[in-house]
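Sequence lines, in order, name chains A and B.
For the first sequence, our numbering assigns the number 1392 to the initial residue and increments by one for each residue that follows.
For the second sequence, our numbering assigns the number 224 to the initial residue and increments by one for each residue that follows.
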Amino acid sequence: MNNFCVLSLITFLPLIGGILILLSKNENSGLHRTIATIFSGATFLISVLLLLSFDSASSSIQFLENIPWIRTFNINYHLGIDGLSFPLLLLTTFLSLISIIASYGIDKRTKEYFFWFMLLETGMLGLFVSLDFFLFYVFWEITLVPMYFLIGVWGGPKREYAAVKFFLFTLFGSVFMLLSMLAIYFASGTGLPGSERTFDLIKLVELSHSGQLQLAGTAAMLVFLGLYLAFAIKVPAFPFHTWLPLAHVEAPTAVSVILAGVLLKMGTYGILRVLYPILPEATRAFLPVLVVIATINIVYGAFCAMAQKDMKRMVAYSSVNHMGYCLLGMAAVMGNPNAAHAGMSGAVLQMVNHGLITGSLFLLVGVIYDRAHTRDIDAFGGLGTRIPIFAGLMIMQAMASLGLPSLAGFVSEFLCFLGAFGGSFGHTNFKIWTVISVIGILVTAAFFLKMLKLVLMGEFNPKWEGHMPDMTPRELVTVVPLAVMTLVLGVYPAFALRLMDSTLTQLIKIVSGQF
Amino acid sequence: MRQLILLAPEIFLSALALALLVGEAFAPKQHGLWIKIGVVGLVLVLAHQIAFFVTGAFPGAEACRLLPVSVKNGWVQYPMAFGMVAVDSLAIFFKVVILAAVIMILWLSEGYYEFETAPMGTYVSLMLLATVGMMFLVASMDLLIAVIALELLSISQFILSGFVLTRRSSIEGAIKLFLVGTFSTGIFLFGISYYYGYFGSTGVASLLEFAASHQSADLTLSLILVFLIAGLGFKLAMVPFHMWAPDTYEGAPTPVTAFLSVAPKAAAIGFLVRLLANHASLGITPILSVLAALTMSVGNLGALHQTNVKRMLAYSSIAQVGYILVAVVAGGSSGTQAVMTYTFIYVFMNLGVFAGLLMVSKQTRSEEIPTFAGLSGKSMGLALSLVIFLLSLTGIPPMGGFVGKFAVFASIIPQSNLLWLAIVAVLNSVVSLYYYFRIVHQMFFRESDNPSQPFFSPALVCCLLVALGVTVVAGILPNQILGWVRSVIGS
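Written out as structure tokens, the structure reads:
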């Protein structure tokens, strides 16, 4: 396959679709849906075709594109993927297509809706393929704008507040990323010929490794914290998670899927792409804090989820808990090599799995919300016999989320715990935190089982008599592929792990300084 | 006398301004004509100035046997006209910005609802005179020329903001501007008197030589500079000299508000950069950085609770000047480049918002924020353009405003003792999102209760498209603007 510009094609194809939608007539919502589906479908297909020519044995960057962009600051349009970004790229194109199909029910201002959606897809894809920090930042910010509109126009009752809170929170983080990014740039050279400064993430890793990055001690820690703030808000890591439940609850179903499935991963991806390899020393010093934050995310997120009456809110808090596993796995990077490898693989796999599982849970909650216009757990009961297909899928995905073996969630959570148990930094090991985190698993199981019991078992609430048809074919088309992938990755995770293997091995070496 | 050729553009515009005044007496009913003549005249001068950058020489100078004294990497400098007016790349860069701004403002003025019976010949003539004042200001190499230029600008500005005689707020704003303007000129002159005592001349060159050859300055010189900065600060609406701005902006006719928010600021910044590009040895960095921080913060916090768009834009323009001042604080080559980049982009993105406001308020006759309600349903194109301008003002990529902000931060970050200023600046841009997006909120999240459609006249659309083009292109392909700015200062 001719791989010239294929990543640019993937990144900007949705935007082209979006512009076509913008140029079409206002009333023709069928056309808007069709264009959106065709373009995001094509994007998905091309990204899947990349699997054929992607060399998973290599840890180097593939499908490179590198064109000078802004000469004054030595900024390049540098794209490429490796074992870290490729799984997330696939996840993004997959979930975007699913979400577009799940959005067929939108009938208000469809033109704008699909335009913003396609712009959002371009932003997310661009982020995962950029290898220039400046470009990374540009795409990072591009995702904010469509999200603001998608929540603010098509969301629930408090949508306007949720939209602006989301925007302000994330922007607050990203401006510090801007400062840190500039600090790294100025530390990367003197600006004289032969020592040009650079934003190139790959070159920065090399400079950092060879000790030419003039950042150390307090300065490095400040830069680290600036970047960490931006990424932690996105993850969201405690204590920056407060925007998430609000945004999730107010967002329309398909947007929640993208928000949980992809946008949160931008945070963890940023940590692995930027912080780990470029500031390894500061990263190592931060690991003991990171493991505590991960533990809080896991336990606190789970307890919060348990307290919710609103199913969507519950799934939203379960995201806080699940991203905690991801952080826990990442914190293991300094342990013995096997543990580190398990932890890091678990973390990246957890990003993908959480996207699939939580995405499908949001869709399923959306299914009953569309019928009943409430998400109150107590309002239902006995749905298991009335709508068995829904019930089956709901049980399966809830079980996947709570970590039932043979489903995807188990594999990645297990790897995260395995890694963290062997993880350490200096003389402190992370065993105690891992043990505390296991409580999170228990609570997760408890609240999901409670939800299943209240919604699917017991007496049928006669109020919904006649209002509860089973899932329509369109709804099945959105949920079943996710469920299938959940099962596939649960039974045969090696398929996904192999993709990321060599890149992660390399990354662990860089962070632990053995490279 | 040969040097007069170097002042030909200014002379031409002054003559045109006088001709318009006379012409109006003979044809008082020709509203549109005067604006067209003004635009044509300004476009001619703009083309002349752009030709300077394209050919690297002042058009017409060679015919008068005048050659540049210094040419380096795109930096071109002619001998000063009469020893007082600089003719160099820096001055002409700011002249281009000012001319482009005034042309767009004349477009904005066409068909403005409060101008239906106004004497437009006088209006255009005053605009041209103000332009001449600003062109002299950015080129002043002598503080006395600067004072005269400032006065020419001030008096024209004062009459322009009180141009709607039937509305009290317009006159109130004009009088505030007049009083403050006079007062600030007084302070400026007071500073000059000490400057003369210190250097024995009123030439700017003395200060530049001093800055280049000394490591530190004594308190007297710093104090003199504080007076000069304060005098210019009124024009820039720099905190704490900003009190007049919100009332004057709200009261002035909207096209004049647009003018006030960009052109005099660009001119004053042009002169400030000439004076203080290398201020590291002048002992005023601490006070400048505090002023920059205050200007950003007061501007943004003041804008948060405004309900009138013009008032909000007044505070927003105060804050925007604050960002530019951050780059002035950074100083040196990278600081100057950042000042120029930001000023250039600011002019276009801010005028874009004004073009949108004029299109919307033509029918609604209201400048309160809800005047934008439901705009996305009435005209998606206009609503999206405004989103782009507002994102750009906030500094979100990939818009031009982000490139400007990026250049500003890139100039300040290497100076580790000014990290606090960079942090203040980024926090301010988060705050600004909140109020800029109150307009977006109205456009997209609210339904309109007023069925009137936005007004699209060719002139307004032209202005909007130019602003949009510059904002988007400068954001996505900033090579051109950054390269140009770099060549202008010859680094």
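C-beta atoms are modelled at their ideal positions from N, C-alpha and C, and glycine is treated no differently.
Only a predicted model underlies this, so the values are computations on that prediction, with no experimental measurement involved.
- Cβ-Cβ distances below 6 Å link P1537 of chain A to W1507, L1510 and L1511 in the same chain, with the five nearest sequence neighbours on each side left out; the list follows chain order.
- In this structure, B:S652 is the residue among B:A280, B:A353, B:M303 and B:S652 with its C-alpha nearest to the C-alpha of N523 of chain B.
- Listed along chain B, the residues sitting closer than 9 Å to I1533 of chain A by beta-carbon distance are I619, P620 and P621.
- None of the residues of the region 1640-1670 of chain A has a beta carbon lying less than 7 Å from any beta carbon of chain B.
- At a cut-off of 8 Å, the C-beta of F1403 of chain A has no neighbouring C-beta in chain B.
- Put simply, the region 1618-1625 of chain A touches the region 1657-1668 of chain A. At least three CB pairs are less than 8 Å apart.
- Distances from the alpha-carbon of A1554 of chain A to those of B:V663, B:A682 and B:E670 put B:V663 closest.
- For F1577 of chain A, at least one C-beta of chain B is nearer than 8 Å to its own C-beta.
- Residue contact check for F1464 of chain A against chain B: a CB pair falls below 8 Å.
- When the Cα atoms are used, L1526 of chain A and Q1453 of chain A turn out to be separated by approximately 17 Å.
- Against G706 of chain B, the close residues of chain A are R1462 and T1463, in the order they occur along the chain (beta-carbon pairs closer than 9 Å).
- When only Cα atoms are considered, R390 of chain B and V532 of chain B end up about 18 Å apart.
- One finds H664, F667 and F668 in chain B with Cβ atoms closer than 8 Å to the Cβ of G1543 of chain A, taken in chain order.
- Only those residues of the region 1574-1601 of chain A whose C-beta falls short of 8 Å from the nearest C-beta of chain B are listed: A1574, Y1576 and F1577.
- Within the region 1517-1528 of chain A, the residues whose Cβ lies closer than 9 Å to some Cβ of chain B are F1525 and Y1528, listed in chain order.
- In the structure shown, the three-state DSSP call for H254 of chain B is helix.
- Looking at the backbone, the Cα of T1686 of chain A and that of M1735 of chain A are separated by about 16 Å.
- For P701 of chain B, the residues of chain A that pass the 7 Å Cβ criterion are I1461, in the order they occur in the chain.
- Between F276 of chain B and chain A, the shortest Cβ-Cβ separation is not below 8 Å.
- Non-local beta-carbon contacts of S1893 of chain A in its own chain, meaning distances under 8 Å to residues more than five positions away in sequence, involve S1447, A1448, S1449, S1450 and G1474 in chain order.
- As a beta-bridge residue in DSSP terms, G426 of chain B pairs with B:D365.
- In this structure, DSSP gives V387 of chain B a state outside helix and strand, which the three-state scheme calls coil.
- Not a single CB atom of chain B sits nearer than 8 Å to the CB of L1398 of chain A.
- Near chain A, meaning a CB-to-CB distance below 7 Å, the residues of the region 622-637 of chain B are F632, A633, I636 and P637.
- The beta carbon of A645 of chain B sits closer than 8 Å to some beta carbon of chain A.
- Spatial neighbours of I394 of chain B in its own chain (CB-CB distance under 6 Å, excluding positions within 5 residues in sequence) are listed in chain order as G385.
- In this structure, the CA atom of G1517 of chain A is about 39 Å from the CA atom of L459 of chain B.
- Buried is the label assigned to E1503 of chain A, since at least 16 other Cβ atoms lie within 10 Å of its Cβ.
- DSSP assignment within the region 1402-1453 of chain A yields the following whole alpha helix (DSSP H) runs of 4 residues or more, N-terminal first: 1420-1444.
- Taking the Cα positions, W1545 of chain A is about 10 Å away from E1551 of chain A.
- For F433 of chain B, the closest C-alpha among the options B:S407, B:L499 and B:M461 is that of B:L499.
- For Q703 of chain B, the enclosing alpha helix (DSSP H) has its first and last residue at N702 to V711.
- Boundaries of the alpha helix (DSSP H) around G456 of chain B: L442 to L459.
- At a C-beta separation below 8 Å, Y657 of chain B has these neighbours in chain A: V1555 and L1559.
- Around the Cβ of Y1691 of chain A, a 10 Å sphere holds 16 or more other Cβ atoms; the residue is buried.
- Under the Cβ distance rule, S652 of chain B counts among the residues neighbouring chain A, one pair being separated by less than 8 Å.
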